[in-house]
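Below is one structure, written out as structure tokens; comments come after it.
Residue numbers (the UniProt record's numbering): 1 to 223.
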């Protein structure tokens, strides 16, 4: 065997051995090495400035440590406002997280949930309230950009009739998001609980998430 052929054979053997070694790894072992990521944007529709917290969930410790200062993902988010975008990297095997929101001033006002992430998630984390009770919800960001109209989804804290150009199109569900609606009149084409929703601060053709209650719009966020 020539020197070149011998070298090729040795390289081939090493390649096969490496492939077999890789095939021997379990799914959990591979997940432990694989890094995933998720993006989150935070909506504060509460009546006060709030901090949003994110922490890897451990079944053994539950929510312990969630509200430590080093777990703040978006701090001092004003009432009825959208906080900064946050990128969260994690090992694929550690895809459960705790989410929390608390009053930036009064730490006694806290709410928390846990959720499971998928790679490249792009999420809204919404702090909202109904009848004095606070809640957190997580939904996927979406876009339905259609020219010459405002494309909106509604997230509501109760059941409200929704009309477009004075024609009822649906009734919201508490803590749920609607499908996209097309609205051409930005000033008063859309009404929730008979309250006109002003969309004129937005742009035609863009997509928006609206957090609403019985008094109308609380937050308008571009998807």
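We treat Cβ as the ideally placed atom computed from N, Cα and C, and that holds for glycine.
message = What does DSSP give as the partner residue(s) for residue 103 in the beta ladder?
response = 50
task = Flag this pair as touching only if the region 156 to 174 and the region 125 to 145 have three or more C-beta atom pairs under 8 Å; answer yes or no.
result = yes
task = Flag this pair as touching only if the region 58 to 78 and the region 139 to 151 have three or more C-beta atom pairs under 8 Å; answer yes or no.
result = no
request  = Flag this pair as yes or no: are the beta carbons of residue 155 and residue 206 separated by less than 9 Å?
outcome  = no
query = Do the CB positions of residue 100 and residue 55 come within less than 9 Å of each other?
reply = yes
request  = Could you please give me the residues that DSSP links to residue 156 through a beta bridge?
outcome  = 174, 212
message = Using 8 Å for Cβ pairs, my map puts residue 98 next to residue 112. What's the rounded Cβ distance?
response = 6 Å
ask   = What is the DSSP secondary structure of residue 93, reduced to helix, strand or coil?
value = helix
request  = Can you grab the Cα-Cα spacing for the pair residue 219 / residue 182, in whole Å?
outcome  = 18 Å
query = Quick one: any contact between the region 33 to 40 and the region 196 to 215, if contact means 3 or more CB pairs under 8 Å?
reply = no
ask   = Is it right to say residue 213 is buried, meaning 16 or more other beta carbons lie within 10 angstroms of its own, or is it exposed?
value = buried
task = Give the range of the beta strand (DSSP E) segment to which residue 191 is assigned.
result = 190 to 192
query = In or out: residue 168 buried (at least 16 other Cβ within 10 Å) or exposed?
reply = exposed
query = Just to confirm, are residue 201 and residue 216 a CB contact at a threshold of 9 Å?
reply = no
query = If you draw a straight line from the alpha carbon of residue 139 to that of residue 121, how long is it in whole angstroms?
reply = 10 Å
query = What first and last residue would you give for the beta strand (DSSP E) that runs through residue 149?
reply = Careful: residue 149 lies outside any beta strand (DSSP E) and carries neither H nor E.
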